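J.:
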Amino acid sequence: MFIHYNFEVTPVKQQINPHAAIPVISRKCLYMQKQKILLGRSRVPGVMITQYVEQLPKGKSAPDITRKPVSLTINEGKMAIFRTVVTGDPTPTVTWRRNNGDLTDPEKYHAKYDDRTGENILEIPNVSVDEADTYKCFATNEFGKATCNVILNVTEGKNTHKIYLRINFLYLCFRSRSRDGFQKNAEENEGEVDPQFWELLLSADRKDYERICLEHGFTDFRFMLKKLNQLKKEREEEQYVENITNLKPIEIKRDGRAEFEFDMELKDPNSNIFLFKDGEMIDYGKDNEMKHNMTKMDKRYTFSIKDLEPEDAGLYQVDVENTNIFSTELKIPPVEFLVEMKDVKAVEGEDSVFDCTLSCPLPSITWMRNSTCLEAGTKYDIIVSEDQLKHKLVVKSTKALDKGTYTALAGIRSSSASLIVEDTHDYMNKFKVDVPEMKAIKFQTPPTFLVPLKMHSAPQGYECHMSCAVRGNPVPHVTWYHNNISLNTNTNYYITNTCGVCSMVILRVGPSDNGEYKVIAENPLGRAECSAMLTLRGKYLTQKRHLHCLPV
């Protein structure tokens, strides 16, 4: 944390009453003028924190912007959206400003807070070229302030922005200057330019000149070409190599190493080869025994850096004796995986999707399958969200050959997951239910009596009705007995059997009808019987029944 003292005091023309209440803002301003202003560091690059107090109360904190809004380049007429996430206790107030203009028009600028995502959002619908500007985000509370900048570029067509940048670059490079003053300006520029700029140009393809010039703020394109040709000629004169080809700039591999390589033929095989980082010579091994290593296979030289850390970023140069022959710059973004990749199970023929979320915006990351780099095309789709935090890989029409380990590389961090492809036949068998062979069900049962015999009292000489209910499959054959003598053929009794209800009617009750009545039901599966006693007393018929149903 840096401490900055501000000794400038603004004179106050109006006399201040010492007993009057001073507003909070005035107190803060006076404090900032007379006391210390503490400048803190945020973990997010590009965010500046100003702390108003030297000692924060317990549990309190100054504001911080944990997710910066992302600079945008969009076509005219579309909606521009800036999103940011802030922290601090008390909760900071977020405000937006722009360099050239104000944001007071509610129809043009919509500032809001999303409770679901915790994001503060600035929306600019239907943007025009007039809205292209540098916007500032402020997060403030009583203990401090956090600020960051974001740029909005507005183009008129699909490729207008790229054309504009190129025209602007060419304009800066070839702007008119007097013929007499050119040589003087060129000599002045030569002394001001960082030597690393020339080393990068000497090792770069011609198509990368424009990008390198823009990154280093170099605008004199004609002088650059002249100086570059001169350096190449000088290098050829003192060159220790026959030729150097197939130069590949440094890149981070899946296993966490960084590599760069080239093909080189030395004039003298015994020439010394040196490796430099940011101008300082570093030792290297030849059998992967050290942090920096070199391997040689025929004419191919490969330099590697293992166990990468943020401090390994910088300019790497290879010299043969005292001549630089290759330069490349390693950039390591401070990024982490907030959401890691997860294993995916897919059915053959369906699309498979891997996704991850980063801690800071990156326009692109490296996707790999079993150590092979993947590119967007007919087989893969690579999708990046608008805020450049969420990255997605889509494997189209998954096949059995697509299974394996997929890796996302962001800086020196990586996240891996497996793709498991299930064959359509196997997938269907997973949900197959083995049903035993169907067999005919036979609903056959032996006879049983559901309702036993029932008697009705009747005076002598009147009818007497007896009935019972029997069940069985096949339908049982029913026989009535009186004192063990069958009654089915006796005309003095009326016997019926309808739907399992068996009835017998004694047409005229007499003394001979006294005794035991029995019903026997039979089918191929068994036999059952039911009986009751009929007793005559005086002129009336009284029935005493002992009912029992016995399967035989």
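Residue 482 in UniProt numbering is what sits at position 482 of the sequence shown, and the numbering runs on without skipping anything.
For glycine and all other residues, C-beta sits at the position ideal for the given N, C-alpha and C.
Since the model is a prediction, treat every value here as computed from it, not as a measurement.
Determine the extent of the alpha helix (DSSP H) in which Cys213 is found, giving its start and end residues.
T.: Tyr209 to Glu215
J.: Measuring CA to CA, which of Pro45, Ser203, Pro524 and Leu358 is closest to Ile325?
T.: Ser203
J.: Under three-state DSSP, which class holds Pro452?
T.: strand
J.: At the level of alpha carbons, what is the spacing between Glu242 and Met264?
T.: 8 Å
J.: Rounded to whole angstroms, what's the CA-CA distance from Asp220 to Leu231? Just pull it up for me.
T.: 16 Å
J.: Please list the terminal residues of the continuous beta strand (DSSP E) segment that includes Ala469.
T.: Cys464 to Asn473
J.: Does the separation of the CB atoms of Thr66 and Val86 fall below 8 Å?
T.: yes
J.: Using a 10 Å radius around the Cβ and a threshold of 16 neighbouring Cβ atoms, would you call Asn293 buried or exposed?
T.: Under this definition Asn293 is a buried residue.
J.: What's the C-alpha gap between Arg116 and Ile252?
T.: 36 Å
J.: Starting from Ser416, trace the beta strand (DSSP E) in both directions and tell me its first and last residue.
T.: Arg413 to Glu422
J.: Enumerated in chain order, which unbroken segments of the beta strand (DSSP E) with a length of 3 residues or greater are wholly contained in the UniProt domain "Ig-like" (333-418)?
T.: 337-339, 344-347, 352-358, 366-369, 380-384, 390-395 and 404-410
J.: Would you list, in sequence order, the uninterrupted beta strand (DSSP E) runs of no fewer than 3 residues that lie entirely inside the region 49-119?
T.: 61-67, 72-75, 80-89, 93-98 and 110-114
J.: I'd like to confirm something about Pro249: is its beta-carbon nearer than 7 Å to some heavy atom of the ligand ADP, or not?
T.: This structure simply doesn't include the ligand ADP, nor any ligand for that matter.
J.: Output the boundary residues of the beta strand (DSSP E) element that contains Leu266.
T.: For Leu266, the enclosing beta strand (DSSP E) begins and ends at Ala258 to Leu266.
J.: What is the rounded straight-line gap between the Cα of Gln183 and the Cα of Ile332?
T.: Only weak support is given to the placement of Gln183: the predicted model assigns it a pLDDT of 42, under 50, and the question is left unresolved by the model.
J.: As a quick exercise: from Ile49, Ile74 and Glu76, pick the residue whose alpha carbon is nearest that of Asp64.
T.: Of the candidates Ile49, Ile74 and Glu76, the one whose C-alpha sits nearest the C-alpha of Asp64 is Ile49.
J.: Drop a sphere of 10 angstroms on the beta-carbon of Ile412, count the other beta-carbons inside from all chains shown, and report buried for 16 or more, exposed for fewer.
T.: buried
J.: Nearest CA to the CA of Met79: which residue from Leu103, Pro125 and Gln51?
T.: Considering only Leu103, Pro125 and Gln51, the residue with the shortest C-alpha distance to Met79 is Pro125.
J.: Could you give the first and the last residue of the continuous beta strand (DSSP E) run that contains Tyr316?
T.: Unbroken beta strand (DSSP E) run through Tyr316: Gly314 to Val320.
J.: Within 10 Å of its beta-carbon, does Glu386 have 16 or more other beta-carbons around it, so buried, or fewer, so exposed?
T.: Glu386 is exposed by the Cβ-count criterion.
J.: How would you label Gly88, buried or exposed, when you count the other beta carbons within 10 angstroms and need 16 or more for buried?
T.: buried
J.: Measure the C-alpha to C-alpha separation of Asp278 and Ala346 and round it to an integer number of angstroms.
T.: 48 Å
J.: Suppose you measure from the CA of Arg43 to the CA of Pro249; what does that come to, to the nearest Å?
T.: 29 Å
J.: The beta strand (DSSP E) spanning Ile244 covers which residue range?
T.: Val241 to Ile252
J.: Do you know how far the Cα of Gln444 is from the Cα of Leu507?
T.: Near 36 Å, if we compare the C-alpha coordinates of Gln444 and Leu507.
J.: If you draw a straight line from the C-alpha of Gly256 to the C-alpha of Asp312, how long is it?
T.: 12 Å
J.: Please state whether the Cβ-Cβ distance between residue 557 and Val509 is less than 8 Å.
T.: This structure does not reach residue 557, given that the chain is present from 1 up to 552, and the question cannot be answered.
J.: Going by the DSSP bridge assignment, what does Ala521 pair with across the sheet?
T.: The partner list for Ala521 (beta bridge, DSSP) reads Val478 and Ala528.
J.: According to DSSP, what are the bridge partners of Lys296?
T.: Beta-bridge pairing links Lys296 to Tyr301.
J.: Using a Cβ-Cβ cutoff of less than 8 Å, which residues in the same chain neighbour Tyr284 once the five nearest sequence positions on both sides are dropped?
T.: For Tyr284, where only same-chain residues beyond five positions count, the Cβ hits under 8 Å are Leu275, Met290, His292, Asn293, Met294 and Phe303.
J.: For Leu228 and Leu247, what's the separation of their Cα atoms in angstroms?
T.: 18 Å
J.: Leaving out five residues before and five after Ser359 in sequence, what residues of the same chain have Cβ atoms less than 7 Å from its Cβ?
T.: Val335, Glu336 and Leu338
J.: Got a sec, what are the start and stop residues for the beta strand (DSSP E) Met504 sits in?
T.: Here the beta strand (DSSP E) through Met504 covers Val501 to Ile506.
J.: Could you tell me if Met297 is buried or exposed, where buried requires 16 or more neighbouring beta carbons within 10 angstroms of its beta carbon?
T.: With fewer than 16 other Cβ atoms within 10 Å, it is exposed.
J.: Going by DSSP, what residues sit across from Leu122 in a beta bridge?
T.: Within the DSSP secondary-structure output, Leu122 pairs in a beta bridge with Phe82 and Ala111.
J.: Opposite Leu275 in the DSSP bridges: which residues?
T.: BP columns for Leu275 point to Ile282 and Val318.
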